[in-house]
Amino acid sequence: MTFDVEAFRAHFPALSRQEGGEPVVWMDGPGGSQAPDTVIDAMAAVLAAGVSNLGGSFAASREASSIVNGARAAVADLVGATDPDAIAFGPSMTALNLALARAVSRDWGPGDELVVTRLDHDANVSPWLLAAERSGATVRWLDFDPDDGCSLGSIEEVLSSSTRLVAVTAASNAVGTVPDLGEIVGRAREAGAFTVVDAVHHVPHRPTDFADLGADALLCSPYKFYGPHAGVLALAESAWGLAPERIRPAPSSQPGHWEIGTASFEALAGVTAAIEFMGSFGEGSSRRERLVSALSAMDIHTESLANQFLAGIRDMDRITLHGIDDGRPRTPTFAVTVDGHAPADVAGHLGSAGIQVWDGHFYALEVLRRLGRLETGGVVRIGFLAYQTEAEVDRLLEALHEL
Ligand SMILES: Cc1ncc(COP(=O)(O)O)c(C=O)c1O
Numbered sequence: 036m037t038f039d040v041e042a043f044r045a046h047f048p049a050l051s052r053q054e055g056g057e058p059v060v061w062m063d064g065p066g067g068s069q070a071p072d073t074v075i076d077a078m079a080a081v082l083a084a085g086v087s088n089l090g091g092s093f094a095a096s097r098e099a100s101s102i103v104n105g106a107r108a109a110v111a112d113l114v115g116a117t118d119p120d121a122i123a124f125g126p127s128m129t130a131l132n133l134a135l136a137r138a139v140s141r142d143w144g145p146g147d148e149l150v151v152t153r154l155d156h157d158a159n160v161s162p163w164l165l166a167a168e169r170s171g172a173t174v175r176w177l178d179f180d181p182d183d184g185c186s187l188g189s190i191e192e193v194l195s196s197s198t199r200l201v202a203v204t205a206a207s208n209a210v211g212t213v214p215d216l217g218e219i220v221g222r223a224r225e226a227g228a229f230t231v232v233d234a235v236h237h238v239p240h241r242p243t244d245f246a247d248l249g250a251d252a253l254l255c256s257p258y259k260f261y262g263p264h265a266g267v268l269a270l271a272e273s274a275w276g277l278a279p280e281r282i283r284p285a286p287s288s289q290p291g292h293w294e295i296g297t298a299s300f301e302a303l304a305g306v307t308a309a310i311e312f313m314g315s316f317g318e319g320s321s322r323r324e325r326l327v328s329a330l331s332a333m334d335i336h337t338e339s340l341a342n343q344f345l346a347g348i349r350d351m352d353r354i355t356l357h358g359i360d361d362g363r364p365r366t367p368t369f370a371v372t373v374d375g376h377a378p379a380d381v382a383g384h385l386g387s388a389g390i391q392v393w394d395g396h397f398y399a400l401e402v403l404r405r406l407g408r409l410e411t412g413g414v415v416r417i418g419f420l421a422y423q424t425e426a427e428v429d430r431l432l433e434a435l436h437e438l
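By the count of the working numbering, the sequence shown reaches residue 438 at its end, each step adding exactly one.
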């Protein structure tokens, strides 16, 4: 099926924002997406109708429970979890992963090993470095090759019979690499390691299938897939016995025991609305089928924009792309540098042309260190989402050409 980008765009009020008489080009999606009207309306409706806390014997409290349960079911469909109880919510992916790391590492000690990668956002690195520091476990680094499109090295080289954990990204938020996750998770499981997948940058771009992947934990962030600010932790049933830190009156079992404090019910209604919204652009008899179909169509659309961009910069001699340029799997997220211009100046130039992109390290500290750019202003990150158009990519190429 084809993806109707104009019908999709029509739902985003932020896309009509103007600067200097021109519509803003939001190519900052890897840092956060804009929200469609259905998400904004769903969140406002919760607040307007009145909402209460969980566990009360009256209608508004029962509505809060049904918002939470509805969001669990929607996220389960989105990430391919077979049971809504696999899904827990938190304020952010980072907060959830810090809690997960504390719970997973409770019985680690000297002699145990864990694997983190240099391709990951720090939210899937530091929680594990801290756990290693607390427990005395040894950290092994899975590296990537900057001269080979920032592809990840072989997991076999860092696994051993002592590996307790492998934490890996499903897609790099800095350079767009999509590693061979099936291979990594498969090998890690054979070695008996707990596997944690950071899918924050993957979920907005491609269908995600947590059950099929066989990982123990997968995390994502709705504000990257057209929803509000919140975090998601999906756990395989084998990990439901983990005991996160909690306060005494709080729920003591999966999934509620991860949800410390009161959730933002309006945000969770927005999460469901964002998932329904994406699914409405797909075909199929179930929501899961519609989501897979919509995300596949969006992927084809953004891949064509990515090819337009890559072809456009190919003859701009002073632009260097740090990442894959040969058809291997990647997201439409590009790290570039421009000879003779600091990344902040490039982003400033694009910003003054109404094109919003990020410069710096985007918390992907190890990626930028490995590229040798951590101390020199990082890179410029240009990210496309499904609402991007060919005309916007043309505007981007023109503005880069001016440099
Ligand atoms: C790949 C990746 N992982 C983790 C995070 C952290 O997510 P959160 O902001 O929900 O803590 C981000 C945020 O940019 C990200 O891009």
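Positions of the beta carbon are idealized from the N, C-alpha and C atoms, including for glycine.
Item: Should alanine 121 and leucine 270 be called a contact, given that it needs their Cβ atoms to be closer than 8 Å?; Value: yes
Item: State the CB to CB distance for the pair arginine 199 and glutamate 148, rounded to an integer number of angstroms; the pair is presumed to be in contact (CB under 8 Å).; Value: 7 Å
Item: Determine the extent of the beta strand (DSSP E) in which alanine 226 is found, giving its start and end residues.; Value: No beta strand (DSSP E) holds alanine 226; DSSP gives it neither H nor E.
Item: Would you check whether ligand 1 has a heavy atom nearer than 7 Å to the C-beta of proline 214?; Value: no
Item: How about glycine 57 and glycine 389: do their beta carbons lie closer than 8 Å?; Value: The amino acid occupying residue 57 in the given sequence is glutamate; glycine does not appear at that position. Yes; because the gap between Cβ atoms is below 8 Å, this pair is in contact.
Item: Taking the alpha-carbon of proline 242 as reference, which of Met128, Pro119, Ala167, Asp112 has the nearest alpha-carbon?; Value: Asp112
Item: Within the continuous alpha helix (DSSP H) that includes glycine 383, where are the two ends?; Value: 378-387
Item: So what's aspartate 233 in DSSP terms, helix, strand or just coil?; Value: strand
Item: Check the DSSP bridge columns for leucine 148 and list the partner residues they point to.; Value: Per the sequence shown, the amino acid found at residue 148 is glutamate instead of leucine. According to DSSP, glutamate 148 bridges with Thr173, Thr198.
Item: Return yes when at least one heavy atom of ligand 1 lies under 7 Å from the C-beta of glycine 383, else no.; Value: no
Item: What separation, rounded to the nearest whole angstrom, lies between the Cα atoms of alanine 167 and leucine 133?; Value: 12 Å
Item: Looking at histidine 240 and ligand 1, is the gap between the Cβ and the nearest heavy atom below 7 Å?; Value: no
Item: Pairs of beta-carbons, one from the stretch 374-390 and one from the stretch 404-418, closer than 8 Å: are there three or more?; Value: yes
Item: May I ask you to list the residues that DSSP assigns as paired with glycine 418?; Value: Asp63, Thr368
Item: For the alpha helix (DSSP H) that valine 306 lies in, which residues bound it at each end?; Value: 300-314
Item: Does the stretch 135-155 come close enough to the stretch 174-181 that 3 or more CB-CB pairs lie under 8 Å?; Value: yes
Item: Out of Val402, Ser87, Ile348, Gly67, which has the shortest C-alpha to C-alpha gap to threonine 204?; Value: Val402
Item: Report buried or exposed for leucine 82, applying the criterion of at least 16 other Cβ atoms within 10 angstroms of its Cβ.; Value: exposed
Item: Can you tell me the Cα-Cα spacing of methionine 351 and glycine 407, whole angstroms?; Value: 22 Å
Item: With distances taken from CA atoms, which of Val210, Pro119, Val327 is nearest valine 238?; Value: Val327
Item: Examine ligand 1 and report whether any of its heavy atoms sits within less than 7 Å of the Cβ of glycine 262.; Value: no
Item: Following a CB-centred definition, is valine 235 positioned closer than 7 Å to any heavy atom of ligand 1?; Value: yes
Item: Determine the extent of the beta strand (DSSP E) in which glycine 395 is found, giving its start and end residues.; Value: 393-395
Item: Starting from the Cα of threonine 230, find the closest Cα among Gly105, Ser256, Leu268, Pro257 and give me that residue.; Value: Leu268
Item: What three-state label does DSSP hand proline 257 in the structure shown?; Value: helix
Item: Between alanine 302 and arginine 281, what straight-line distance do the alpha-carbon atoms span, to the nearest angstrom?; Value: 22 Å
Item: Once you ignore the five residues that flank serine 299 on each side, which residues in its own chain have a CB closer than 7 Å to its CB?; Value: Ala265
Item: Ligand 1 and methionine 36: does the residue's C-beta get closer than 7 Å to at least one heavy atom of that ligand?; Value: no
Item: Would you mind working out which of Phe93, Leu194, His384, Asn208 sits nearest threonine 368, comparing C-alpha positions?; Value: Asn208
Item: Where does the unbroken alpha helix (DSSP H) through leucine 133 begin, and where does it stop?; Value: 128-139
Item: Please tell me whether, using a cut-off of 7 Å, the distance from the CB of threonine 129 to the nearest non-hydrogen atom of ligand 1 is below it.; Value: yes
Item: Taking buried to mean at least 16 other C-beta atoms within 10 Å of its own C-beta, is arginine 107 buried or exposed?; Value: buried
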